[in-house]
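All you need for this note's numbering is the position in the sequence shown, starting with 1, plus 34. Glycine included, C-beta positions come from ideal geometry on N, C-alpha and C. Just so we're clear, the structure is a prediction, and the values are computed from it rather than from any experiment. Read through the structure below, which is laid out as structure tokens, and then see the notes.
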Amino acid sequence: MRSYNWSIKAKRRKTTGTGRMRHLKIVRRKFKNGFREGLPKPKAVAAK
């Protein structure tokens, strides 16, 4: 996004986080967990 310093307010309106962020929220959550998907819980594996 082009940004010049005279439009700080406009930048704030347009930046990430002002909308719903449907996709970003999910990606951020996955990133926090290290992109683990559909793996069984470690405890369950150890119990066998």
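Quiz item: If you follow the alpha helix (DSSP H) that F65 is part of, which residue opens it and which one closes it?
Solution: R56 to K66
Practice problem: Mind checking which residues open and close the alpha helix (DSSP H) that includes R47? | Solution: I42 to K48
Practice problem: Report back the beta-carbon spacing between T50 and L58 to the nearest angstrom; my notes put them in contact at under 8 Å. | Solution: 7 Å
Quiz item: Which of the three DSSP states, helix, strand or coil, is assigned to K77?
Solution: helix
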